[in-house]
Amino acid sequence: MRLGILTATITECDFFPNIIELKIIGERKGHKVDLFKNGEFNLIVDTNSTKLYYNGKPFDPSCYDIILNRLSVREKSNAEYYVVDEFLKAGVPVINSPDSIMKARNKLLSLQIMSSLGINITRSAIIRRPEDIDTILKEFSFPLIIKNIFGSLGSSTLLVYDTKQLISTIDYIWNVNRNEIFLIQDFIKSDDDTVSDFRVFVLGNEIIASMKRTNSDRDFRANYKKGAHVKKADLTIQEKEQCLLISKSFGLEIAGVDFIRTKDGPVFLEVNSNPGLDGIRLATKTEGFDILEKIIVRLDHLKMKK
Ligand SMILES: Nc1ncnc2c1ncn2[C@@H]1O[C@H](COP(=O)(O)OP(=O)(O)O)[C@@H](O)[C@H]1O
Ligand SMILES: [Mg+2]
Numbered sequence: 008m009r010l011g012i013l014t015a016t017i018t019e020c021d022f023f024p025n026i027i028e029l030k031i032i033g034e035r036k037g038h039k040v041d042l043f044k045n046g047e048f049n050l051i052v053d054t055n056s057t058k059l060y061y062n063g064k065p066f067d068p069s070c071y072d073i074i075l076n077r078l079s080v081r082e083k084s085n086a087e088y089y090v091v092d093e094f095l096k097a098g099v100p101v102i103n104s105p106d107s108i109m110k111a112r113n114k115l116l117s118l119q120i121m122s123s124l125g126i127n128i129t130r131s132a133i134i135r136r137p138e139d140i141d142t143i144l145k146e147f148s149f150p151l152i153i154k155n156i157f158g159s160l161g162s163s164t165l166l167v168y169d170t171k172q173l174i175s176t177i178d179y180i181w182n183v184n185r186n187e188i189f190l191i192q193d194f195i196k197s198d199d200d201t202v203s204d205f206r207v208f209v210l211g212n213e214i215i216a217s218m219k220r221t222n223s224d225r226d227f228r229a230n231y232k233k234g235a236h237v238k239k240a241d242l243t244i245q246e247k248e249q250c251l252l253i254s255k256s257f258g259l260e261i262a263g264v265d266f267i268r269t270k271d272g273p274v275f276l277e278v279n280s281n282p283g284l285d286g287i288r289l290a291t292k293t294e295g296f297d298i299l300e301k302i303i304v305r306l307d308h309l310k311m312k313k
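Mapping of the sequence shown onto my numbering: residues 8 to 313, in sequence order.
Quick look at the structure:
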């Protein structure tokens, strides 16, 4: 297959090592793999025609069999999807699809979707006015989590222990942007009293890897990029079924589903449409298993279904 990998890597930076590794593995399997930095595409749109250029040279998206979309999800707007749209217009499948990404990138929408599936989720409140803080205080108890709807890598998730912290944090957020919509959540405790969560890597309709992430001493967040310790994990049947139900309902071909294992079963946090590869690869790689290899094989399979 001819595979293109679209990344958000900026011109000044090198591709992430795991993206380079995907290219090496793909080429070892006889595929042609090209890596792209989204910001190096430019586009001329005219009546009845669009011309795409990559690094100043005319670019024909229809040469590709399939595109792996690794664009970052931090941006609230989807303006950077102009390249994805050109691939789709040329009939080239893009994994994950923009539709599924739009659902997963918005944590509030994701929770609404999971809630309607009957999945146990982190109870979350939305407030828009200072006077609504009292409603929260009646319903929830400390510690509480405050979370940006579009955050990622743990960087927009806060922990507050009391009313003073809650009020001053919300005041700060609304001072930066009075229209900011954020989540207030119960702090979910793990069944084993550790501060941990599970990351389940779904490819197609299959769970191909799962790990437990335990926080570092310095942080309550269990993100790998925040120093969490990662370890391969086994899942219960219920956890597996729910992860697959979620990824399928979102229409995600590749998904990182996160939950906390509690005394009352799994409580789901979020779904990642562009799940990190480093932590999960480290936790699950063996002589006979490499998550990157699985991704290449799956993309080749999908291309054949086209
Ligand atoms: N409601 C919660 N209760 C307990 N821990 C949480 C809660 N929400 C988030 N966390 C912790 O913070 C981390 C980051 O939060 P998450 O919602 O996954 O945002 P991000 O998209 O930035 O990874 C999670 O992996 C988890 O360890
Ligand atoms: Mg997360």
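Note that the Cβ used here is the ideal one computed from N, Cα and C, for glycine as well.
Look at the stretch 124–192 and you find these whole runs of beta strand (DSSP E), each 3 residues long or longer: 151–155 and 164–167. Selection Lys-36, Thr-54, Leu-276 and Asn-62 evaluated against Gly-46 yields Asn-62 as nearest (Cα-Cα).
The C-beta distance from Ser-56 to Gly-98 rounds to 17 Å, too long to fall under 8 Å, and the pair is not in contact. Shortest Cα-Cα distance from Ala-111 to any of Lys-255, Ala-216, Glu-138 and Ser-163 involves Lys-255. Rounded to whole angstroms, the Cβ separation of Thr-18 and Phe-43 is 12 Å, and the two are not in contact under 8 Å. The distance from the Cβ of Phe-94 to that of Ile-74 is about 5 Å, consistent with a contact at the 8 Å cut-off.
For ligand 1, a non-hydrogen atom lies closer than 8 Å to the CB of Gly-161. Annotated as proximal: Tyr-231 and Gly-283, with beta-carbon spacing under 9 Å. If you check the C-beta of Lys-114 against ligand 1, you find a heavy atom less than 8 Å away. The beta carbons of Ile-253 and Leu-29 sit no closer together than 9 Å. For the 9 Å CB-CB criterion, Ser-84 and Asn-281 do not form a contact. Using a cutoff of 8 Å, the CB of Ala-240 does not count as near ligand 1, since none of the ligand's heavy atoms is closer than that. Your pair Ile-261 and Asn-103 checks out as a contact, with CB atoms roughly 6 Å apart and the cut at 8 Å. Across the structure, Ala-216 and Lys-171 are spaced so that their CA atoms are roughly 41 Å apart. Leu-251 and Ile-214 do touch by the CB rule: their CB atoms are close to 7 Å apart, below 8 Å.
Counting only runs of 3 or more residues that sit fully inside the stretch 64–102, the beta strand (DSSP E) segments are 64–66 and 73–77, in chain order. At least one heavy atom of ligand 1 is found less than 8 Å from the C-beta of Gln-192. Ile-214: member of the beta strand (DSSP E) spanning 213–221, first to last residue. Boundaries of the beta strand (DSSP E) around Phe-208: 203–210. According to the DSSP assignment, Leu-276 belongs to the beta strand (DSSP E) that extends over 272–279. Separation of Met-121 and Ile-128 (C-alpha to C-alpha, rounded to the nearest whole angstrom) is 7 Å. DSSP places Gly-11 in the strand class (E or B) of the three-state scheme. The C-alpha of Lys-219 lies about 34 Å from the C-alpha of Ile-140. Contact between Arg-305 and Ser-197 does not hold, since their C-beta atoms are separated by about 31 Å, which reaches or exceeds 8 Å. Rounded to whole angstroms, the Cβ separation of Asn-182 and Val-202 is 30 Å, and the two are not in contact under 8 Å. By the Cβ neighbour-count rule, Gly-11 is buried, with 16 or more other Cβ atoms within 10 Å of its own. Here Ala-229 is not near Ile-191, since their CB atoms are 9 Å or more apart.
Ile-26 is not a Cβ neighbour of Leu-115, given a cutoff of 9 Å. Residue range 285–291 is occupied by the alpha helix (DSSP H) that includes Ala-290.
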